[in-house]
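Enquirer: Be aware that the sequence shown starts at 1, since it is given in UniProt numbering, and climbs by one per residue.
Virtual Cβ for every residue (Gly too), placed ideally from N, Cα, C.
Only a predicted model underlies this, so the values are computations on that prediction, with no experimental measurement involved.
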Amino acid sequence: MRDTGADSFFGDGVAQIKVELSGVSQQFPRPDGGIFTALEKVTIRIEAGKFISLIGPSGCGKSTIFNIVAGLQQPSDGEVIINGRESTGMVGAVGYMLQKDLLFPWRTVIDNIVLGLEVRGVARKEARNYAMPFLEKYGLGGFADAYPGTLSGGMRQRAALLRTLLFDSDVILLDEPFGALDAQTRSHMQEWLLQIWQDFQKTVIFVTHDVEEAVYLSDEIYVMAARPGRVISHLNVPIERPRPRSITLSRDFREMKSECLNLLGHFEDEAEVQSH
Numbered sequence: 001m002r003d004t005g006a007d008s009f010f011g012d013g014v015a016q017i018k019v020e021l022s023g024v025s026q027q028f029p030r031p032d033g034g035i036f037t038a039l040e041k042v043t044i045r046i047e048a049g050k051f052i053s054l055i056g057p058s059g060c061g062k063s064t065i066f067n068i069v070a071g072l073q074q075p076s077d078g079e080v081i082i083n084g085r086e087s088t089g090m091v092g093a094v095g096y097m098l099q100k101d102l103l104f105p106w107r108t109v110i111d112n113i114v115l116g117l118e119v120r121g122v123a124r125k126e127a128r129n130y131a132m133p134f135l136e137k138y139g140l141g142g143f144a145d146a147y148p149g150t151l152s153g154g155m156r157q158r159a160a161l162l163r164t165l166l167f168d169s170d171v172i173l174l175d176e177p178f179g180a181l182d183a184q185t186r187s188h189m190q191e192w193l194l195q196i197w198q199d200f201q202k203t204v205i206f207v208t209h210d211v212e213e214a215v216y217l218s219d220e221i222y223v224m225a226a227r228p229g230r231v232i233s234h235l236n237v238p239i240e241r242p243r244p245r246s247i248t249l250s251r252d253f254r255e256m257k258s259e260c261l262n263l264l265g266h267f268e269d270e271a272e273v274q275s276h
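So, in structure tokens, the structure goes:
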């Protein structure tokens, strides 16, 4: 396994690790009385402000990792540390966005976006006043009073992402947020996400089945295998930012993409990887 970046040090010599999974395993009972191991001794260390992607075949435990980090699921073994504190089973320590936008159809765009702030006790008027400049800046200003049913898929995802980013957490989990979008909209949303990530300076953990998307967005990539779910490689993405779309044609980009595909075992047929 090639492990890069996890032991970087800043300023006072202390590694600024924002999120750490240490020896996390997850087992479930089987109907036949046996044990199914979904995750086996997963260790991941993520520095503050990094954009990290998890890639791997279906069933390798990527979503299980997210549920554990979000405190929605208790691991069978191991621990989760967020901001230097043991956070295993703690709900509310991170923002979490699923592939489905989960916007409430009876609430307007702005009222959906401020929902997390309201849950944390901020009055709706105050929350709306706080959120409106972000809607204006990130292309939703003209849709503040619209309802989700009137929006395109890309606009709905923008609203859901803003809701997640405005949630009072500096760690954001994004579980295939662009998986249901067409190719052109997906490309626009990737560029939009990079801009908003740089502006908000959040630590992002991103799940995708799209290897090109992972390389384009990420500082580092964790490659996983299934049965049991485990990390098989940790790769640094040696491509400078900012990244214009044309960077996908560069030699460094193509080599990184090929390395990921090779690790996944589908380097001869990228389409097979995308279809999982």
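So, under 8 angstroms CB-CB, Leu135 and Gly154 are touching, yes? Tell me the CB distance rounded to an integer number of Å.
Expert: At roughly 15 angstroms, the Cβ-Cβ gap does not stay under 8 angstroms, so Leu135 and Gly154 are not in contact.
Enquirer: Quick check: Leu72 and Lys62, are their CB atoms within less than 7 angstroms of each other?
Expert: In this structure, Lys62 does not lie closer than 7 angstroms to Leu72 by Cβ.
Enquirer: Which parts of the region 220 to 272 are runs of the alpha helix (DSSP H), unbroken and 4 residues or longer, counting only runs that do not cross its ends?
Expert: For the region 220 to 272, whole alpha helix (DSSP H) runs of length 4 or above, ordered along the chain, are 251 to 264.
Enquirer: Measuring only the C-alpha atoms, how far is Pro177 from Ser246?
Expert: Their backbone Cα atoms lie some 23 angstroms apart in a straight line.
Enquirer: Could you pull out every residue in the same chain whose Cβ sits closer than 8 angstroms to the Cβ of Glu86, ignoring the five residues on either side in sequence?
Expert: Correct list, in chain order: Glu79, Val80.
Enquirer: Measure the Cβ-Cβ separation of Thr64 and Gln27 and say whether it is below 7 angstroms.
Expert: Contact flag unset, no.
Enquirer: Give the straight-line distance between the Cα atoms of Ser76 and Gly141, rounded to the nearest whole angstrom.
Expert: Ser76 and Gly141: Cα-Cα distance of roughly 45 angstroms.
Enquirer: Please list, in chain order, all residues of the same chain as Asn67 whose beta carbon is under 7 angstroms from its beta carbon, the five residues on each side excluded.
Expert: Closer than 7 angstroms at Cβ, skipping near neighbours: Gln73.
Enquirer: Considering only residues of the region 50 to 116, which uninterrupted alpha helix (DSSP H) runs meet the minimum length of 4 residues and lie entirely inside it, listed in chain order?
Expert: The region 50 to 116 contains these whole alpha helix (DSSP H) runs: 62 to 69, 109 to 113.
Enquirer: For the putative contact between residue 354 and Val204, defined by C-beta atoms under 8 angstroms, what is the C-beta separation to the nearest angstrom?
Expert: Lying outside 1 to 276, the shown extent of the chain, residue 354 is not represented and no answer is given.
Enquirer: What's the gap between the Cα of Glu47 and the Cα of Gly84?
Expert: Looking at the two C-alpha atoms, the distance is approximately 11 angstroms.
Enquirer: For the alpha helix (DSSP H) holding Phe200, just list the boundary residues, first then last.
Expert: Looking at the DSSP string, the run of the alpha helix (DSSP H) that includes Phe200 is 183 to 200.
Enquirer: On the DSSP bridge list, what partners appear for Thr37?
Expert: DSSP lists Gln27 as partners of Thr37.
Enquirer: Would you mind working out which of Gly56, Leu102, Met90 sits nearest Val69, comparing C-alpha positions?
Expert: Answer by Cα proximity: Met90.
Enquirer: Only counting the same chain, and skipping five residues up and downstream in sequence, which positions put a Cβ closer than 7 angstroms to that of Pro244?
Expert: Excluding positions up to five away in sequence, the list is empty.
Enquirer: Do the region 117 to 136 and the region 96 to 106 touch if we need at least three Cβ pairs shorter than 8 angstroms?
Expert: Counting Cβ pairs under 8 angstroms, fewer than three are found: no touch.
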